[in-house]
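J.:
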Amino acid sequence: MNRVLWLLILALLVLHQDNWLWHDARLVGGIVPVTLAYHAMISLAAGAVWWFAVRYCWPVDETESETAA
Amino acid sequence: MTQLIIIAIYLTLLLGLGLLAGRSFRGTSQDYMLASHSIGPFLLLMSLFGTTMTAFALVGSTGEAYKEGVGVYGMLASSSGIIHSLCFLVLGVKLWGFGRRYGYSTQIEFFRDRLATDGIGYLLFPILVGLIIPYLLIGVMAGGTVINKVTLGALPELFAGSGGGVPKALGSLVVCVVVLLYVFFGGMRGTAWANTFQTLVFMILGMVTFGVIANTLGERAIVAQHQGQGHSEGEAQAAASEASLLEKMAAASAQIPEEKRTRSGLSKLKFFTYLLVPLSVGMFPHLFQHWLTARSAGSFKLAVVAHPLCIMIVWVPCVMIGAWATTGLIAIPAPVDQNPNAVLPFIVGKVAGPVLGGLLTAGILAAIMSSLDSQFLAIGTMFTKDVVLHRFADDHFSQRAQVIMARLFIVAIVAVTYGLSLFEPRRVFTLGVWCFSGFSSLFPLVFASLYWRRLTAAGAYASVTAAAVSWSMLFWQSDFAAQADYSFELTVLGTTYEMMPVAAMFACSSLALVLVSLVTKPPGESTLAKFFDC
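Respectively, the protein sequence lines represent chains F and U.
Per this note's numbering, the very first residue in the first sequence carries number 1; after that it's consecutive.
Per this note's numbering, the very first residue in the second sequence carries number 70; after that it's consecutive.
1. I'd like the span of the beta strand (DSSP E) that includes Met568(U), first residue to last.
2. Sorted by chain position, which residues of the same chain lie with C-beta nearer than 7 Å to Leu398(U)'s C-beta, five sequence neighbours on each side aside?
3. Note down, in chain order, every chain F residue with its Cβ under 9 Å from the Cβ of Ile325(U).
4. Taking a contact to mean a Cβ-Cβ separation below 9 Å, would you say Ile201(U) touches Leu434(U) in this structure?
5. Exposed or buried, what is Thr564(U) when buried is set at 16 or more other beta-carbons lying within 10 Å of its beta-carbon?
6. So the beta strand (DSSP E) Thr131(U) belongs to, where does it begin and stop?
7. Using DSSP bridges, identify the partner residues of Leu7(F).
8. What does Val14(F) reach in chain U if we use C-beta pairs closer than 7 Å?
9. Report back the beta-carbon spacing between Gly222(U) and Lys237(U) to the nearest angstrom; my notes put them in contact at under 8 Å.
10. What does DSSP give as the partner residue(s) for Gly33(F) in the beta ladder?
11. Is Val350(U) near the ligand MN, judged by its Cβ being under 8 Å from some heavy atom?
12. Check each residue of the segment 357-380 of chain U: if its Cβ is closer than 9 Å to any Cβ of chain F, include it; give the result in chain order.
13. Return the chain-ordered list of same chain residues with a C-beta closer than 6 Å to the C-beta of Ala283(U), the five sequence neighbours on each side being excluded.
14. Return no unless some Cβ of chain U is closer than 9 Å to the Cβ of Val54(F).
15. Mind checking Gln444(U): buried by the 16 CB within 10 Å criterion, or exposed?
16. Thinking Gly36(U) and Val219(U) are a contact (beta carbons under 8 Å), I'd like their distance in whole angstroms, please.
17. Below 9 Å between beta carbons is the criterion; list the residues of the segment 332-352 of chain U that meet it against any residue of chain B, in chain order.
18. With a floor of 4 residues, list each alpha helix (DSSP H) that falls wholly inside the segment 318-357 of chain U, ordered by position along the chain.
19. For Leu36(F), would you say it is in contact with chain U, using Cβ-to-Cβ distances shorter than 9 Å as the test?
20. Can you list, in chain order, the residues of its chain with a C-beta nearer than 7 Å to that of Thr186(U)? Leave out the 5 residues immediately preceding and following it.
21. Of all the residues that make up the segment 398-429 of chain U, which are near chain F by a beta-carbon distance shorter than 7 Å?
22. What is the residue span of the alpha helix (DSSP H) that Glu226(U) lies within?
23. So, are the CB atoms of Val209(U) and Val244(U) less than 9 Å apart?
24. State yes or no: is the beta carbon of Arg181(U) nearer than 9 Å to at least one beta carbon in chain F?
25. Do Val502(U) and Val420(U) come within 9 Å of each other at the CB atom, strictly closer than that value?
26. Can you check which of these residues, Gly168(U), Leu597(U), Gly259(U) and Thr362(U), is closest to Gly85(U) by C-alpha distance?
27. Buried or exposed for Gln72(U), going by 16 or more other Cβ atoms inside 10 Å?
28. Taking Cβ positions only, does Leu197(U) come closer than 9 Å to chain F?
29. Helix, strand or coil for Leu524(U), going by three-state DSSP, please let me know.
30. Answer with buried or exposed for Gly427(U), where buried requires no fewer than 16 other C-beta atoms within 10 angstroms of its C-beta.
31. Assign Ala537(U) to one of two classes, buried (16 or more other C-beta atoms within 10 Å of its C-beta) or exposed (fewer than that).
32. Alpha carbon to alpha carbon, how far is Tyr79(U) from Gly351(U)? Give it in angstroms, no decimals.
33. In or out: Phe111(U) buried (at least 16 other Cβ within 10 Å) or exposed?
34. What does the Cβ neighbour count give for Ser333(U), buried or exposed, with the cut at 16 atoms within 10 Å?
35. Using a C-beta cutoff of 9 Å, does Leu21(F) count as contacting chain U?
36. Note down the Cα distance separating Ser532(U) from Gly161(U), rounded to an integer number of angstroms.
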């Protein structure tokens, strides 16, 4: 599962470098410049990846953590 | 005048909150500095988010979008959504565990223990404090500018020299004093409560600000559109008032100049190297302290997931406002045009009525102060724990004396920062990036401390020195952040590559860390057992 997480993080980092939208001045929905809309989607995707991380790849055993606390 | 009264009420509320938190104070320095490790998931999210989203996020992002276009979101907001949460996950949770197990209150205590050397503390302390000063400066400068711009004309007789508004210097002073007082009364618990309150305030009022500005500028765009088509002013006004908010926003966006909708003026490699800047959260002393306040490792989960979403909620509206400010729908006077920090407060002052303007200003100040408080507390804690108590036995000073020492050091640093804020201002965004770059260049140290057994004390010294020297040289070359577009240029085989200075600093500190560690004696077995085999 950790491998999947690291692949997802790598995908986010690659997608973040959106060279293909560099000179694109279109407006999404007539309102939001496409580069801004795209990066807002990256933020949403990051939220989803981090949800996956805490759900399936949480690095700490909760029982152990409570004992340490 | 109404704005001033609302701002005064808001600041008084904050002081009240600090006093209330002070009533829960248990009288120990551990409670003052770490809230006795009692912070749950929601307070932790609000504290971490409020602390990382300073004046930089509201005032800085709007100003930078106004100057450079909407690409600013990709440069620092979406990248932070990836990198910040990654740091919370791979560094925060692990450091929290060591902090609870071995009783650390500061980063330096961890590094001294991990590297088995005292000297690293004396090398790191001035560097961390030195890097926090520009971070504080961002908030202090922006606080003064915001209060000045929204109170322009309110008190013409009293403040004739500053356009009838509260002078910047006085505004900055008031912000400093209020934050100092609630940090002093409430310690870490007061800071966490105030951060939560202020983060909610700036997120909610930020959305209200966006709605009000979008509505006003959109109406103006529709009026201009209809008048351009030969309609009378009355017809144009009627069309504007009938339009929905989305139609108004579309009309305003249609007028954003093409170069502000794209990243035409930015090199792709420079954009890529911006990814290194958010690594700074791994070495922020105030964030380390917030991590240690968590009740359990599970408290981090909400912060890890929600952080990128909170960033999006705050940044997208600010960037859109900055882009709309370039359309000419609101006349930006020359002094504001030359000082991008003033764009957001100027628009709020012009577009919102006095009551809403006052509330929106309180929201902006909330974002600024929710970072200052944590930074104030962190530098006080570092001074007490890493310098004073490290030289004396634990019982040499009473708990009360320790708290007083922390407070005195905080006042001294705030006084220095306030003095610096009176000089020629820098762009909040530029100064912020320099400050974050310095912390990012120390990232290899914290990462290697947790994940590389071969890291040695000598490697750590070399890395910190390389980071400090490269940062100082490049900062000096940028005329101390006066050149807002300064880039590090590397020429290889006749081709010049333009990148952020952080790339050079990060490379220097990483190389020094790895090379020196490999040629020096590995750490002892007991150290490795303590940090890697537990």
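Think of the CB as a built atom: it goes at the ideal place given N, C-alpha and C, for glycine as much as any other residue.
T.: Per the coordinate set shown:
1. Taking the second sequence and counting its residues from 1, the one referred to as residue 568(U) is at position 499. First-last of the beta strand (DSSP E) with Met568(U): Thr564 to Met568.
2. Position 329 of the second sequence, counting from 1, holds the residue named residue 398(U). Excluding positions up to five away in sequence, the list reads Leu286, Arg289, Ala290, Ala321 and Gln324.
3. Here residue 325(U) corresponds to residue number 256 of the second sequence, with the count starting at 1. Neighbours of Ile325(U) on chain F, chain order: Ala25, Leu27 and Pro33.
4. Position 132 of the second sequence, counted from the first residue, corresponds to residue 201(U). Position 365 of the second sequence, counted from the first residue, corresponds to residue 434(U). No, Cβ-Cβ distance for Ile201(U) and Leu434(U) is not below 9 Å.
5. In the second sequence, the residue the question calls residue 564(U) occupies position 495. Result: exposed.
6. As a working mapping, residue 131(U) is identified with position 62 in the second sequence. Unbroken run through Thr131(U) is the alpha helix (DSSP H), Ser130 to Glu137; no beta strand (DSSP E).
7. Sequence index remark: in the first sequence, residue 7(F) carries index 7 (1-based). Beta-bridge pairing links Leu7(F) to no other residue.
8. As a first step, residue 14(F) must be located in the first sequence, where it is residue number 14. The premise fails here: Val14(F) is roughly 11 Å from chain U at the closest Cβ pair, so nothing lies under 7 Å.
9. By 1-based counting over the second sequence, the position of residue 222(U) is 153. By 1-based counting over the second sequence, the position of residue 237(U) is 168. Incorrect: roughly 15 Å between the Cβ atoms, too far for contact.
10. Residue mapping note: residue 33(F) aligns to position 33 of the first sequence, counting from 1. For the sequence presented, residue 33(F) should be read as Pro rather than Gly. Answer by DSSP bridge pairing, in chain order: Leu27(F).
11. Because no ligand of any kind appears in the structure shown, any question about the ligand MN cannot be addressed here.
12. Ala363, Arg364, Ser365, Ala366, Gly367, Phe369, Lys370, Leu371, Val373, Val374, Ala375, His376, Pro377, Leu378 and Ile380
13. Along the second sequence, one-based indexing puts residue 283(U) at 214. Excluding sequence neighbours, Ala283(U) sits near Met318.
14. For this step, residue 54(F) is matched to residue 54 along the first sequence. Val54(F) counts as touching chain U.
15. In the second sequence, the residue the question calls residue 444(U) occupies position 375. Buried, by the Cβ-count rule.
16. Since the first and last residues shown for chain U are 70 and 603, residue 36(U) lies out of range.
17. Judged by its chain identifiers, the structure shown contains no chain B, and its protein chains are F and U.
18. 327-330 and 337-342
19. As a position in the first sequence, residue 36(F) is number 36, starting the count at 1. Chain U contact via Cβ: present.
20. Position 117 of the second sequence, counted from the first residue, corresponds to residue 186(U). Closer than 7 Å at the Cβ level, and outside the excluded window around Thr186(U), lie Ala526.
21. none
22. Residue mapping note: residue 226(U) aligns to position 157 of the second sequence, counting from 1. It is not in any alpha helix (DSSP H) - Glu226(U) carries neither H nor E in the DSSP assignment.
23. On the second sequence, position 140 is the one that residue 209(U) refers to. On the second sequence, position 175 is the one that residue 244(U) refers to. The answer is yes: Cβ separation under 9 Å.
24. As a working mapping, residue 181(U) is identified with position 112 in the second sequence. No, no contact with chain F.
25. As a position in the second sequence, residue 420(U) is number 351, starting the count at 1. As a position in the second sequence, residue 502(U) is number 433, starting the count at 1. No, they are not a contact pair.
26. Numbered from 1 along the second sequence, position 16 holds the residue referred to as residue 85(U). Ranking the options by Cα distance to Gly85(U), first place goes to Gly259(U).
27. Your numbering for residue 72(U) matches position 3 in the second sequence. By the neighbour-count rule (16 or more Cβ atoms within 10 Å), Gln72(U) is buried.
28. Here residue 197(U) is taken as the residue at index 128 of the second sequence, counted from 1. So, not an interface residue.
29. What you label residue 524(U) is simply residue 455 of the second sequence in a count that begins at 1. DSSP places Leu524(U) in coil when its eight states are reduced to three.
30. As a working note, residue 427(U) is residue 358 in the second sequence. By the neighbour-count rule (16 or more Cβ atoms within 10 Å), Gly427(U) is buried.
31. In the second sequence, residue 537(U) corresponds to position 468, counting from 1. It counts as buried.
32. By 1-based counting over the second sequence, the position of residue 351(U) is 282. By 1-based counting over the second sequence, the position of residue 79(U) is 10. Their backbone Cα atoms lie some 32 Å apart in a straight line.
33. Stepping through the second sequence from its first residue, residue 111(U) is reached at position 42. Exposed, since its Cβ has fewer than 16 Cβ neighbours within 10 Å.
34. Against the second sequence, residue 333(U) aligns to sequence position 264. When all chains shown are included, Ser333(U) counts as exposed.
35. Here residue 21(F) refers to the residue found at position 21 when the first sequence is read from its first residue. Closer than 9 Å to some Cβ of chain U, the Cβ of Leu21(F) qualifies, so yes.
36. On the second sequence, residue 532(U) is found 463 positions in, with the first residue counted as 1. On the second sequence, residue 161(U) is found 92 positions in, with the first residue counted as 1. Near 21 Å, if we compare the C-alpha coordinates of Gly161(U) and Ser532(U).
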